[in-house]
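So that you can map any letter, position 56 of the sequence shown is 55 in numbering that gives the first Met the number 0, and since no number is skipped, the others follow by simple counting. Here's the structure, in C-alpha cells; my notes come after.
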Amino acid sequence: MSPDTDWQKRVRSDPQVHHGDPCIVGTRVPVSVIIGSIADGDSFEQILSSYPQLSREDIQAALHFAAEAVNRFDLSPLAG
C-alpha cells in the first residue's frame with residue numbers, strides 16, 4: 000500500500016473522541032494539532048517529544064490526510 004493511502008489505517012473520526020475531529024487511531028491527538036505544530040516550525044522530534052504516544056508514521060499519516068483533504072476542498076478562484 001502506498002504511503003499516501005496508508006493514512007486511512009491511522010486516522011479516524013469518531014464522535015466519541017475529540018468531538019469527531021480526525022485523530023490518530025489509539026490516541027486523542029487531533030490531526031489539526033500535528034499539522035499546526037508543523038506549521039509552527041516544530042520538527043518531528045519535537046512533536047514526538049510532546050506526544051510520545053505518536054510515531055513518525057502517525058505524523059506522516061497526518062500530513063497525507065491533510066494533503067488529501069486539501070485536494071478535495073472546493074475553493075473558488077479569486078475574481079480578478
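Cβ coordinates follow ideal geometry from the N, Cα and C atoms, glycine included.
Beta-carbon separation of residue i and residue j under 8 Å?
i: L53; j: L47; result: yes
Can you tell me whether DSSP reads residue i as helix, strand or coil?
i: R27; result: coil
i: V10; result: strand
Return the CA-CA distance between residue i and residue j, expressed in angstroms with no decimal places.
i: E67; j: P51; result: 25 Å
i: S31; j: P21; result: 8 Å
i: S49; j: A78; result: 42 Å
Assuming residue i is part of the alpha helix (DSSP H), what are its boundary residues?
i: L47; result: 43-49
i: D57; result: 55-71
Whole-angstrom Cβ separation of residue i and residue j, contact assumed at under 8 Å?
i: R27; j: V16; result: 6 Å
i: F43; j: I58; result: 5 Å
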